[in-house]
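Sequence positions in the sequence shown follow this note's numbering and run 6 to 975.
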Amino acid sequence: MLSYQQHEVQGIISDGSSPLPGVTITLKSRKNTTVITDYNGHYSLLASPIDTLIVSFIGFKTKFIPVNERAKIDIKLEYDTTTLQEVRVNAGYYSVKESDRTGSIARITSKDIENQPVTNVLATMQGRMAGVNIIQRTGIPGGSFDIKIRGQNSIRTDGNSPLYIVDGVPYSSDVISSSLTATAFPSGVNPLNNINPDNIESIEVLKDADATSIYGSRGANGVVLITTKTGKTGKTSFNLQTSTGFGTVTKLPKLMNTEQYLKMRKQAFINDGLTEYGPYDYDVNGTWDQNRYTDWQKELLGRTSQTSDFQGTVNGGSENTQFLISGNFHRETTVFPGDFLYKRGGGHINLNHHSDDNKFKIHFSGSYNVQDNNQPSFDFTNEARYLAPNAPALYTADGQLNWENSTWDNPLRNLDSKYESKTNDLLASTVISYEIWKDFTVKSSFGCTSLDTKETRVIPSTMADPAYEATSDDSALFLNNTKRSSWIIEPQINWSKNLGAGKIDILTGMTFQSQKTERINLSGIGFTSNSLIYNIAAAKNIRIYTDDETVYKYQAFFGRFNYNYKQRYIVNLTGRRDGSSRFGPGNQFANFGAAGIAWIFSKETFLENNRWLSYGKIRSSYGVTGSDQIGDYMYLDTYTTSGKVYNGVTGVQPSRLFNKDFGWETNKKFELALELGFLHDRIYVTGAIYKNRSSNQLVGIPLPATTGFTSLQSNLDAVVENTGLELTFRTVNLRGKNFSWSTNLNLTFARNKLVDFPGLQTSTYSQQYRIGQPLNINLLYNFKGVNPQTGIYEFEDLNNDGRVTFPDDRQAVVDLNPKYYGGIQNQISYKNLTLDFLFQFSKQKNRSYPVSGAGQMLNQIDRLTDSWTQTGDNSPYQIYTTGYNNDALNADSLYSQSTGAITDASFVRLKNLSLTYDLPLSLKGLKCKIMLQGQNLLTFTKYKDGDPEFISYGYLPPLKIINTGIQLTF
């Protein structure tokens with residue numbers, strides 16, 4: 006009877022110094038009896054006196070603990086790095102053990118994400134993944150990022166976005182803003198800002214054909230899988246986290262001070278032979294104080310933004326049902342003058358349930374987020390760099406804007422021009438599955454999204470100098486309303502079977518997806534009062550720019566066949582037949598597929614007992630994916646309203662020509678990789694080479710103006726190739742009872758090339774691309790230097806016609822793609838103290854900030870003090886001019902389009918630093934963690950014109966953020 010009598014067994018599981026949450030405890034006699042430790046490492050279950058506990062946790066050796074009639078059993082687990090190969094990686098429609106993976110998948114987890122004080126999911130990935138290059142476009146809250154996974158595949162700059170999947174639901178990353186409203190953002194507002202990074206459990210990036218082809222046309226540019234946090238078995242626990250911080254601009258260029266600036270200006274008059282200052286030369290003719298100095302970058306960009314965050318989570322559940330409910334709020338000001346605010350708040354819920362026999366399972370995940378963004382509609386960065394340092398004070402003695410007798414445009418006039426946006430975003434997904442018989446499961450996923458954004462930009466008459474007597478009749482309002490909703494249903498069948506020494510896994514399914522986008526852009530000019538400026542009905546003149554509704558429908562059949570023989574030889578086949586509404590009859594469907602193979606040679610008998618090689622695998626893949634990223638209705642004859650009214654009727658005009666042959670873009674991908682683990686995987690190295698070729702490019706073919714159309718949407722027979730080498734290096738340098746130190750390095754060498762482009766020389770792209778060169782090139786004049794006799798910039802005259810002209814002489818090719826990039830992360834722990842820091846680096850070239858207009862009433866980079874002044878000078882910069890020297894003005898224009906404007910912009914950045922301390926509290930069940938975090942803390946670079954990482958200059962660079970916080974768990 007003793008062997009069958011049940012009693013409660015409980016205890017704490019730890020690594021010797023800290024409790025371990027999430028550890029799985031199973032009874033050896035009843036494998037279906039499983040519990041998981043809570044946040045305090047505590048477990049409790051019913052067991053018989055002679056039973057055995059099986060205790061397992063990723064990263065630790067599995068232990069078998071006899072109960073021996075004990076009621077309390079505390080267990081210490083030992084680290085086992087080889088079990089890292091047992092980590093299951095999300096591959097989209099299925100998960101796979103790290104050791105059995107045949108495709109290329111990069112991954113970060115919540116442990117990496119929670120150390121970063123950022124608000125955009127893409128910011129969490131910067132510098133942490135090989136083959137994934139991410140650049141922040143602006144430091145303004147709510148701005149977007151540029152991401153390229155293994156390079157640029159499409160000639161169209163807007164055709165390279167990856168597919169985003171959040172809990173199994175496709176999430177559109179198409180810009181939701183309008184260029185009429187979001188004027189302060191270089192590439193619009195990205196909806197990814199709606200996703201709260203604190204809710205994310207893991208992010209996987211699928212890169213090669215084996216990993217992406219099961220997504221077919223949607224995976225041509227890579228796939229970003231975002232998995233949110235789920236509930237854990239155990240008693241209900243509460244987690245509260247609050248933090249506050251501040252941000253400043255990372256790096257600003259050094260500009261001329263008043264003395265240097267006035268010296269430049271006066272020399273420019275001498276150079277032009279002018280003996281008197283003009284009536285509008287306020288900076289030098291005595292109108293403005295010549296002893297006054299204002300650092301306009303500090304004045305307009307130098308404020309400190311304040312951030313505050315709060316996150317609360319309730320988590321728990323039984324063996325059968327687990328839940329998680331969380332809420333969050335983020336508040337952030339700007340570095341600009343004025344009271345501007347970005348707010349985001351939302352909630353997340355997750356529910357999991359399975360039946361007692363584990364056959365029926367249901368998973369639900371939902372999130373709702375609200376953004377409220379109030380910003381100036383004008384980025385002050387450009388004006389801060391060009392304003393004269395002795396320009397007047399911003400305010401008069403009585404606190405009013407100072408117009409200094411109409412001698413300047415006060416930059417703070419732009420504070421009245423406000424950009425406001427409100428966005429509501431809902432995302433929900435449900436997965437239901439049932440195991441009909443052993444290893445045969447049917448399931449279906451259901452998902453929906455709903456996004457609604459409203460934007461306004463106002464230009465009130467109060468922006469103008471009062472001397473101009475502008476009234477509300479001159480005020481303007483711009484509106485943009487965008488609604489986007491989608492649904493997806495994906496029924497699937499999964500079957501697996503052990504056949505002798507091998508195992509077969511088969512997956513098949515279908516996709517039904519629909520997305521509708523409604524958009525209206527309009528403006529109103531002339532109001533009876535500025536108090537009515539937000540009421541479009543009060544405008545005297547209303548103009549509608551866009552009012553449309555588009556529907557995108559997608560249908561597919563997909564499948565996967567995987568065979569694993571002896572856990573050594575693996576074959577993975579995936580395929581998909583896609584149907585898209587974006588193509589005409591006869592071209593709506595296409596087939597895509599891939600094959601991946603892997604050989605785990607470390608499991609061969611001749612290496613089984615090898616002491617130094619713990620893991621070794623060779624894998625390779627080849628396949629074809631596609632793309633339909635061209636927009637909706639592009640193959641059809643379409644018409645738009647002309648805005649012209651005739652006889653009381655608004656006319657329409659043709660906007661696009663019909664093209665029945667318009668078809669899929671294709672991307673052929675090849676990869677070969679080697680993975681090695683040494684000394685029980687304490688040293689783990691991977692290397693992968695890849696070659697991707699994208700063809701049948703979806704672009705606009707230019708047409709003669711006589712046709713009435715600028716282009717015809719079609720497939721261009723051009724081929725773009727991306728090749729590269731990706732290296733990762735992971736080491737456990739030291740590991741003891743109280744001290745550990747690990748390092749992660751990723752390094753990418755990438756090359757982009759236009760392989761073929763029939764008729765390039767006679768096309769309108771002839772001065773944009775070159776065969777054998779990357780897509781991201783600049784064709785420039787070849788800069789020779791400053792003529793010591795004339796003081797004018799000189800450029801190479803390639804055709805020897807005595808003139809430097811476009812296009813014949815603008816043929817120097819400059820590659821602006823990074824030669825290599827990556828990151829190195831270190832994590833050091835001592836008892837309850839953990840230090841984690843990441844250095845991001847890139848070897849690259851970029852444009853220097855424009856230096857044209859030196860000598861005019863525009864401030865300049867301070868290095869222009871070394872300019873030519875007299876015959877014989879060997880100076881790097883040409884003669885100053887007030888605008889009367891036409892040769893100098895022309896040379897200035899050519900210089901900005903020459904190799905002289907290209908400089909080394911390589912950098913090493915302390916991207917992230919996190920210091921956490923777990924307080925040793927004596928209160929049972931209470932944990933307290935104190936955090937200090939920093940982002941973009943230090944930048945080491947030779948680039949002199951501000952932050953080196955940008956795509957378009959003249960916009961606010963990323964902010965340096967320092968954050969402190971506290972986390973309570975009970």
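Glycine included, every Cβ here is placed at the ideal spot set by N, Cα and C. The model shown is predicted, which means the values in this text are computed figures rather than measured ones.
Your pair Pro167 and Ile152 checks out as a contact, with CB atoms roughly 7 Å apart and the cut at 8 Å. Taking C-beta atoms under 8 Å as the contact rule, Lys66 and Gly21 fail to qualify, at a distance of about 13 Å. Relative to Tyr825, the option among Asn73, Phe754, Phe334, Glu799 whose CA is nearest is Phe754. Under the DSSP definition of a beta bridge, Asp820 partners with Ile782.
Under the three-state reduction of DSSP output, Ser61 falls in the strand class.
Three or more beta-carbon pairs separated by less than 8 Å link the stretch 893-911 to the stretch 871-885, which places the two stretches in contact.
Relative to Phe744, the option among Glu13, Gln11, Val14, Ser23 whose CA is nearest is Ser23. In the DSSP secondary-structure assignment, Glu680 is bridged to Lys622, Thr691. C-alpha of Glu409 to C-alpha of Pro397: approximately 7 Å in a straight line.
Counting C-beta pairs closer than 8 Å gives three or more between the stretch 208-222 and the stretch 107-114, which meets the contact rule. Residue range 546-570 is occupied by the beta strand (DSSP E) that includes Glu554. Inter-residue distance for Glu304 and Ile776 is about 47 Å (C-alpha atoms, whole angstroms). Following the DSSP letters along the chain, one finds Glu388 inside the alpha helix (DSSP H) bounded by residues 386-391. Of the candidates Phe334, Tyr559, Leu356, Phe334 places its Cα closest to the Cα of Tyr347.
The stretch 830-850 makes no contact with the stretch 233-252: fewer than 3 CB pairs, one atom from each, lie closer than 8 Å. For Val724, the three-state secondary structure derived from DSSP is strand.
Judged by DSSP secondary structure, Ile275 falls within the alpha helix (DSSP H) whose first and last residues are 263-276. Contact between Asn664 and Gln718 holds: their C-beta atoms lie close to 6 Å from each other, under 8 Å. Of Phe734, Thr312, Tyr439, Lys102, the smallest CA-CA separation from Thr249 is found for Thr312. For the 8 Å CB-CB criterion, Thr253 and Lys949 do not form a contact.
In the three-state scheme derived from DSSP, where H, G and I count as helix and E and B as strand, Ile330 is classed as strand.
Contact annotation, Gly589 with Phe667: C-beta distance approximately 6 Å; criterion of less than 8 Å satisfied. Per the Cβ contact rule, the stretch 183-194 is in contact with the stretch 454-472 (3 or more Cβ pairs under 8 Å). Judged by DSSP secondary structure, Asn374 falls within the beta strand (DSSP E) whose first and last residues are 365-381. In this structure, Ala481 places its C-beta atom within 8 Å of the C-beta atom of Ile530.
Counting every other CB atom within 10 Å of its CB across the protein chains shown gives Tyr473 a total below 16, marking it as exposed. By the C-beta criterion, the stretch 276-292 is judged not to be in contact with the stretch 223-237, since fewer than 3 inter-stretch pairs fall below 8 Å. Closest by C-alpha distance to Val724, out of Ala135, Asn757, Ser222, is Asn757.
Inclusion of Ala189 and Phe383 in the CB contact set at 8 Å is warranted, their separation being smaller than that value. According to the DSSP assignment, Glu460 belongs to no alpha helix (DSSP H) but to the beta strand (DSSP E) extending over 445-464. Within the stretch 722-769, the complete beta strand (DSSP E) segments at least 3 residues long are 724-740, 744-761, listed from N- to C-terminus. Judged by DSSP secondary structure, Lys303 falls within the alpha helix (DSSP H) whose first and last residues are 301-306. Taking 8 Å as the cut-off, the Cβ atoms of Ile498 and Thr513 count as close.
Ranked by how close their Cα comes to the Cα of Ile275, the residues Tyr695, Tyr889, Ile971, Gly591 have Tyr889 in first place. In chain order, Asn743 place their CB closer than 6 Å to the CB of Lys836, counting only its own chain and leaving out the 5 sequence neighbours on each side. Among the bridge pairs identified by DSSP, Thr318 is matched with Asn244, Ser331.
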